[in-house]
Amino acid sequence: MSIRYDGKVAIVTGSGQGLGRCHAIELAKRGARVVVNDLGGNVDGSGGGSEAAQAVVAEIEAAGGEAIANGANVADYGQVEAMVQQAMDKWGRVDILVNNAGILRDKSFAKGSLDDFKLVLDVHLMGTVNCTKACWDIMREQSYGRIVVTTSSSGLYGNFGQTNYGSAKLGVIGLMNTLVQEGAKYNIRVNALAPTAGTRMTEGLIPEEAFALLTPETVTPAVLYMVSEDAPNKTIICAGAGAYAVAKIVETDGAWLPPEEQTPEGIAAHWDAISSPEGERQPEAGFEQTVKMTGKAMEGLGID
Ligand code: NAD
1 MSIRYDGKVA
11 IVTGSGQGLG
21 RCHAIELAKR
31 GARVVVNDLG
41 GNVDGSGGGS
51 EAAQAVVAEI
61 EAAGGEAIAN
71 GANVADYGQV
81 EAMVQQAMDK
91 WGRVDILVNN
101 AGILRDKSFA
111 KGSLDDFKLV
121 LDVHLMGTVN
131 CTKACWDIMR
141 EQSYGRIVVT
151 TSSSGLYGNF
161 GQTNYGSAKL
171 GVIGLMNTLV
181 QEGAKYNIRV
191 NALAPTAGTR
201 MTEGLIPEEA
211 FALLTPETVT
221 PAVLYMVSED
231 APNKTIICAG
241 AGAYAVAKIV
251 ETDGAWLPPE
261 EQTPEGIAAH
271 WDAISSPEGE
281 RQPEAGFEQT
291 VKMTGKAMEG
301 LGID
């Protein structure tokens, strides 16, 4: 195994089962000391209990690894701070944070409640914000950090009944995009996982044959790569069943319209050119859009 995490400390949220459990176990196998965080409870976020996290710690220890269990609710900043302090007290550093904890409250937008919407945002988006915030200064001071946020095809592309979940899952991409810029000079890299896996979250939703192929073990290597020394940065890796891909947010080159055509009718008339994928690219930062638009305008208006 050439990619290893000896001397590194990792926190994996929601790692009492499913994908998180597999990430934690594999990190520990490759030398990381791991905080196995899990609030316990049901897929809809109700209930709780620390048994799942403790069982994963026992599994890691039985294989000769080092881990501690933690029952923090990622949506509660006080509990998250205490979790990070627990890692600092025990091991004195935090190098890797895998934001994985999550719940579902699926309902169509028409039928769903705002309370459910807020809860899902709280766990996925604020949970990721809380854990990242609590580790951020430590990683800056160490000049080393590898963070993974867990997004979803639901956030990237939409999924019926998942407005709350999809909003939260695209929210973590927005968080990543700017963290990457603010963390660059501290050697902090932030990437995103868009998994598709057979876990209790997807049980009954995926045909049995596919479920058997979509094991967490086929997804975890993408996380291991994204938290390695030579990790990419600002990359969304899609992973499932042993297949890996990259998702990108791109912008078409677009078209500048003369003043008399800067109308809805003008946009309709030039829609093919505006939306053409030819020349589309993935901007590295938001300001690139402003530079491109003004550049096109200056060219169109003949301004040097
Ligand atoms: P899972 O239900 O098996 O695991 C999620 C874990 O998070 C559970 O152990 C749960 O107890 C824990 N958790 C929930 N709320 C928590 C909180 N507030 N604080 C701490 N822990 C909490 O689900 P999974 O499929 O392994 O999902 C893991 C992550 O991957 C989630 O973020 C999920 O949204 C995402 N995801 C999964 C799939 C998939 O196909 N399974 C697809 C896209 C995204």
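Okay, so the sequence shown: first residue is 1 according to full-length UniProt numbering, each after it adds one.
Yeah, the Cβ is synthetic: ideal placement off N, Cα and C, and Gly gets one too.
Can you tell me the Cβ-Cβ gap for residue i and residue j, rounded? I've got them flagged as a contact below 8 Å.
i, j, result
"VAL219", "GLY240", "6 Å"
"LEU39", "GLY71", "6 Å"
"VAL172", "THR151", "6 Å"
"GLY145", "TYR186", "7 Å"
"ASN99", "GLY127", "7 Å"
"LYS53", "GLY18", "Residue identity differs from the one stated: residue 53 is Ala in this sequence, not Lys. ALA53 to GLY18, Cβ: 12 Å. No contact."
"residue 308", "ARG140", "Nothing can be reported for residue 308, as the shown portion of the chain is limited to 1 through 304."
When the Cα atoms are used, what is the spatial distance from residue i to residue j?
i, j, result
"ALA194", "LEU214", "13 Å"
"LYS133", "LYS234", "18 Å"
"GLU81", "PRO259", "54 Å"
"TRP91", "GLY254", "51 Å"
"PHE287", "GLY158", "26 Å"
"VAL9", "ASP44", "29 Å"
"ILE68", "CYS22", "15 Å"
"ASP76", "LEU119", "12 Å"
"ILE206", "ALA222", "21 Å"
"TYR225", "GLY183", "18 Å"
"GLY20", "CYS238", "16 Å"
"ILE274", "ILE267", "8 Å"
"GLY41", "ILE147", "25 Å"
"GLU66", "LYS107", "40 Å"
"GLY295", "GLN289", "10 Å"
"ALA62", "LEU125", "33 Å"
"PHE211", "MET201", "11 Å"
"PRO277", "HIS270", "14 Å"
"MET293", "GLY279", "14 Å"
Please identify the residue among the options whose C-alpha is closest to the C-alpha of residue i.
i, options, result
"TYR165", "MET83, ASP116, HIS270 and GLU209", "ASP116"
"VAL12", "VAL74, SER276, ALA269 and GLN289", "VAL74"
"PHE109", "PRO283, LEU125, THR163 and GLY266", "THR163"
"ILE236", "GLY155, GLY295, SER275 and ASP272", "GLY155"
"LYS248", "THR263, ASP272 and PRO283", "PRO283"
"ASN37", "ARG30, SER46, GLU26 and GLU51", "GLU51"
"GLY64", "ALA285, LYS29, ALA269 and ASP272", "LYS29"
"residue 327", "SER143, HIS270 and ASP122", "Because residue 327 is not part of the residues shown, which for the chain are 1 to 304, the question remains open."
"GLN85", "ILE267, CYS131 and ASP106", "CYS131"
"SER46", "ASP272, ARG105, PHE211 and ILE147", "ARG105"
"SER2", "ASN177, GLU229 and GLY279", "GLU229"
Is the distance from the Cβ of residue i to the Cβ of residue j below 8 Å?
i, j, result
"ALA243", "ASN191", "no"
"LEU175", "VAL129", "yes"
"GLU299", "TRP256", "yes"
"ARG281", "GLU251", "yes"
"TYR5", "ALA32", "yes"
"VAL94", "ILE138", "yes"
"THR196", "SER153", "yes"
"MET83", "VAL149", "no"
"ALA87", "GLY14", "no"
"GLN142", "ALA285", "no"
For residue i, is the classification buried or exposed, using 16 other Cβ atoms within 10 angstroms of its Cβ as the cut-off for buried?
i, result
"LEU114", "exposed"
"LEU301", "exposed"
"LEU179", "buried"
"GLY48", "exposed"
"ASP304", "exposed"
"TRP136", "buried"
"PRO216", "buried"
"VAL291", "exposed"
"GLU209", "exposed"
"GLU26", "buried"
Taking only heavy atoms of ligand 2 into account, decide whether any of them is closer than 7 Å to the Cβ of residue i.
i, result
"ASN37", "Ligand 2 is absent from the structure shown, which contains only ligand 1."
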